[in-house]
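>
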Amino acid sequence: MSEFREIFAQALAEVPARRNRVHVIPSAGRWIVKREGAQRASNVFKVKKDAVQRATSLVKGSDGEIFVHDHSGRITFRKKG
Amino acid sequence: MPREGDDFARSVFINCPFDPEYIPLRRALLFVVLDCGLEPRIASQRFDSGEARMEKIRSLIRMCRFSIHDISRLEPLRSGRLPRFNMPFELGLDLGCRYYGGAPLNTKQCLVLERKGSRYRRVLSDLAGHDISAHQNRPEILVAEVRNWLATVKPDLQSGSRIWERLNIFYSYLEPVLASRHYTKKEMDSLPAGEYIEAVKQWQANERAEEKPGTK
Chain A
50 MSEFREIFAQ ALAEVPARRN RVHVIPSAGR WIVKREGAQR ASNVFKVKKD
100 AVQRATSLVK GSDGEIFVHD HSGRITFRKK G
Chain B
67 MPREGDDFAR SVFINCPFDP EYIPLRRALL FVVLDCGLEP RIASQRFDSG
117 EARMEKIRSL IRMCRFSIHD ISRLEPLRSG RLPRFNMPFE LGLDLGCRYY
167 GGAPLNTKQC LVLERKGSRY RRVLSDLAGH DISAHQNRPE ILVAEVRNWL
217 ATVKPDLQSG SRIWERLNIF YSYLEPVLAS RHYTKKEMDS LPAGEYIEAV
267 KQWQANERAE EKPGTK
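Chains as they are written, first to last, in this note's numbering: chain A, 50 to 130; chain B, 67 to 282.
#1: Is the shortest distance between the beta-carbon of proline 65 of chain A and the beta-carbons of chain B less than 9 Å?
#2: Does alanine 265 of chain B come out as helix, strand or coil in the three-state DSSP assignment?
#3: For alanine 94 of chain B and leucine 208 of chain B, which I take to be in contact (beta-carbon distance under 8 Å), what is that distance rounded to the nearest angstrom?
#4: When you compare the CB positions of arginine 297 of chain B and asparagine 172 of chain B, do they come within less than 9 Å of one another, or not?
#5: Once you ignore the five residues that flank glutamate 70 of chain B on each side, which residues in its own chain have a CB closer than 8 Å to its CB?
#6: For a cutoff of 9 Å on Cβ pairs, would you count serine 70 of chain A as touching chain B?
#7: Measure the C-alpha to C-alpha separation of arginine 204 of chain B and cysteine 82 of chain B and round it to an integer number of angstroms.
#8: With distances taken from CA atoms, which of B:Val98, B:Met254, B:Val243 is nearest alanine 62 of chain A?
#9: Can you pull out the residues from the region 217–229 of chain B whose beta carbon lies closer than 8 Å to at least one beta carbon of chain A?
#10: Could you tell me which residues DSSP pairs with valine 82 of chain A in its beta bridges?
#11: Give a yes or no on whether the minimum CB-CB distance between leucine 61 of chain A and chain B is below 9 Å.
#12: Using the Cα positions of valine 108 of chain A and lysine 129 of chain A, report the straight-line distance between them to the nearest angstrom.
#13: Is any non-hydrogen atom of the ligand PLP found closer than 8 Å to the C-beta of glycine 226 of chain B, if you look at the structure I gave you?
#14: Can you tell me whether leucine 179 of chain B is buried or exposed? The criterion is at least 16 other CB atoms within 10 Å of its CB, across all chains shown.
#15: Looking at the structure shown, is methionine 67 of chain B part of a helix, part of a strand, or coil, going by DSSP?
#16: Suppose contacts are defined by Cβ-Cβ distances below 9 Å. Is tryptophan 230 of chain B in contact with glycine 122 of chain A by that definition?
#17: Candidates A:Arg67, A:Ile56, A:Glu52: which alpha carbon is nearest arginine 274 of chain B's?
#18: Mapping DSSP to helix, strand and coil, what is cysteine 176 of chain B?
#19: So, using beta-carbon positions, are glutamine 268 of chain B and aspartate 101 of chain B closer together than 9 Å?
#20: In or out: methionine 67 of chain B buried (at least 16 other Cβ within 10 Å) or exposed?
#21: Which parts of the region 186–250 of chain B are runs of the beta strand (DSSP E), unbroken and 3 residues or longer, counting only runs that do not cross its ends?
#22: Helix, strand or coil: which one does DSSP assign to serine 106 of chain A?
#23: For a contact meaning CB atoms closer than 7 Å, what does tyrosine 239 of chain B contact in chain A?
#24: Just to confirm, are phenylalanine 116 of chain A and alanine 265 of chain B a CB contact at a threshold of 9 Å?
#25: Does any C-beta atom of chain A lie closer than 9 Å to the C-beta of arginine 76 of chain B?
#26: Please name the residue, chosen from B:Ile235, B:Gly167, B:Tyr262, that lies closest to valine 64 of chain A on a Cα-to-Cα basis.
#27: In three-state DSSP terms, what is cysteine 122 of chain B?
#28: What are the boundary residues of the alpha helix (DSSP H) that includes isoleucine 89 of chain B?
#29: When the cut-off is 9 Å and only beta carbons count, does glutamate 264 of chain B lie next to chain C?
#30: So, is the C-beta of glutamine 111 of chain B closer than 9 Å to a C-beta in chain A?
#31: Are there 16 or more other CB atoms within 10 angstroms of the CB of alanine 118 of chain B, so buried, or fewer, so exposed?
#32: Applying the criterion that 16 or more other CB atoms from any shown protein chain within 10 Å of the CB defines a buried residue, is leucine 148 of chain B buried or exposed?
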């Protein structure tokens, strides 16, 4: 394993459980809300704002976190529940 | 002469631009190749000042059964300059290798990517008859086009939309993880292709471990 990969592996191990992470992803002209590890999207929306609202409600009151992505896939916004 | 071994059969030569505006597409391109279980080979992966660039390209082309050539950005970087010739030049080398190289190089397959389907028909008419896939400068479409091409030679691939979702999820780890190791924004944006590939591989290994409880 390269030195970089080892450093990356150590840092990855510190990330909290993935089931508490919910993503808002642009996909095929819609916005999907997807919990990490789930096979399917929780919901699909036409409007980004509605998707973010739904994702926020999924993590509300928990130690979860939402990640909103742009059309390049990068995170534009993240928020803890 | 390369043998028809695992490395040759799994390797994908990536011929793409290196300008900062192309980074989201390049990262999507490397990710989809890795997520389809293949090994991307890109010139910037190898840092050896003693190796001439042409020698590096020649050797990469020779070691890869597959290649992906993105000719979407041949325009000059500044007005008044000449176009960028490297990408079509390397596409020509790759096709030459396939036509004149003998076995197993004559089994090589390539995908040509463009911004719009017909833009280069007039200025690169030698490519007439070859299929060109258009990514429209959108990483999501690039992922689908590359996945669909690879599906013709590799069965049981995940859907393009699933790979796109996985790329998004990977990004939610990449920058926070690098930030936790004190990478600056500039360093993250210019992460070398070799390190980016290592990060994807490690994330994939973690994902597999998560799917098999007790192995992490």
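All C-beta atoms, glycine included, are put in the ideal place defined by N, C-alpha and C. As the structure is a prediction and not an experimental result, all values here were calculated from the model.
According to the structure shown:
#1: no
#2: helix
#3: 5 Å
#4: The question about residue 297 of chain B has no answer, for chain B in this structure spans 67 to 282.
#5: Legend: pLDDT at glutamate 70 of chain B = 49, less than 50; position of this residue unreliable, value from coordinates given subsequently. Result list for glutamate 70 of chain B: Ala169, Pro170, Thr173, in chain order.
#6: According to the sequence provided, residue 70 of chain A is arginine. The question's serine does not apply to it. Closer than 9 Å: yes.
#7: 15 Å
#8: B:Val243
#9: Ser227
#10: A:Val73, A:Asn92
#11: yes
#12: 8 Å
#13: The model on display carries no ligand, and the ligand PLP is accordingly not part of it.
#14: buried
#15: At methionine 67 of chain B, the pLDDT of 43 sits below 50, so the modelled position is not reliable; the number obtained from the coordinates is stated separately. Reduced to three states, the DSSP call for methionine 67 of chain B is coil.
#16: yes
#17: A:Arg67
#18: strand
#19: no
#20: Residue confidence is low: methionine 67 of chain B scores 43 on pLDDT, short of 50, so the model does not pin down where it sits. Its coordinate-derived value is still stated next. So methionine 67 of chain B ends up on the exposed side.
#21: 198–200
#22: helix
#23: Leu61, Val64
#24: no
#25: no
#26: B:Ile235
#27: Inspection of the sequence shows that residue 122 of chain B is occupied by lysine rather than by cysteine. Helix at lysine 122 of chain B.
#28: 89–101
#29: Absent from the structure: chain C. Protein chains present are A and B.
#30: no
#31: exposed
#32: exposed
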